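Numbered per our numbering, the sequence shown spans residues 5 to 171. Worksheet: the structure to be examined is printed underneath.
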Amino acid sequence: MDAAQLGLEEPEWRAFCIRLERALAPAAGEAGALTINIDGAARGNPGPAAYGVIVADNAGLTLHEEGSRIGQTTNNVAEYRALIRAMEIARTLGARSLQIRSDSELLVRQMNGLYRVKHEQLLPLFLQARELCRGFDAVEILHVPRSQNRRADQLANLALDAPDPGQ
5 MDAAQLGLEE
15 PEWRAFCIRL
25 ERALAPAAGE
35 AGALTINIDG
45 AARGNPGPAA
55 YGVIVADNAG
65 LTLHEEGSRI
75 GQTTNNVAEY
85 RALIRAMEIA
95 RTLGARSLQI
105 RSDSELLVRQ
115 MNGLYRVKHE
125 QLLPLFLQAR
135 ELCRGFDAVE
145 ILHVPRSQNR
155 RADQLANLAL
165 DAPDPGQ
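Listed below in structure tokens is the structure:
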């Protein structure tokens, strides 16, 4: 189809094409955007630990769920391991922007620069997470109440409850 078939002058035709492209394209910021919920858990602190990660697209469709044991460590280390794993998954899915939701106030505030990372066990994980953030156009890390993070918590606990393959 062209301008003559629609009875349009050239400027009107260009404006029509631009409107059509915008209508058919994903909304700005949506293409390549993922929403991720993460949680880390440790029984005892330190103790057996695991993480849970849920990756969803803009429509809320779950693209990936994962829970995994990570050995003996602290809850805060498990939270960072969940964050790192989430960004690795997002990278393999080709995401450009992320909204990451966590119920760990410490992790969220450290990643957003509101708290310093004082614990030497967390510093390498923090630095690794910051480096992974640089691989995306935008990364937003939000604190959510536990009630909004139940499935990630459930995945971490299911991983903890599963028989340990090392025993």
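For each residue, glycine too, the CB sits at the ideal point set by N, CA and C. Remember, it's a predicted structure, so these values are computed and weren't measured experimentally.
Please report how far the alpha carbon of residue 110 lies from the alpha carbon of residue 82, in whole angstroms.
Residue 110 and residue 82 have their C-alpha atoms roughly 12 Å apart.
Classify residue 165 as buried or exposed, calling it buried when 16 or more other Cβ atoms lie within 10 Å of its own Cβ.
Under this definition residue 165 is an exposed residue.
Please state the DSSP three-state secondary structure of residue 108.
Shown here, residue 108 sits in coil according to DSSP, grouped into three states, outside any helix or strand.
Taking a contact to mean a Cβ-Cβ separation below 8 Å, would you say residue 156 touches residue 41 in this structure?
Result yes, Cβ atoms of residue 156 and residue 41 sit closer than 8 Å.
Return the residue from the list 75, 64, 151 that minimises the CA-CA distance to residue 54.
Nearest option by C-alpha distance: 75.
Does the distance from the CB of residue 143 to the CB of residue 104 come in under 8 Å?
In contact: residue 143 and residue 104 (Cβ atoms closer than 8 Å).
Distance check for residue 119 and residue 65, CA to CA, integer angstroms please.
Going from the Cα of residue 65 to the Cα of residue 119 covers about 33 Å.
Please classify residue 156: does DSSP put it in a helix, a strand, or coil?
Three-state DSSP puts residue 156 in a helix.
Contacts around residue 116, its chain only, beta-carbon distance under 7 Å, and the 5 residues preceding and following it disregarded:
Cβ within range, chain order: 145.
Limits of the alpha helix (DSSP H) - the one that residue 84 falls within
That run of the alpha helix (DSSP H) goes 79-96.
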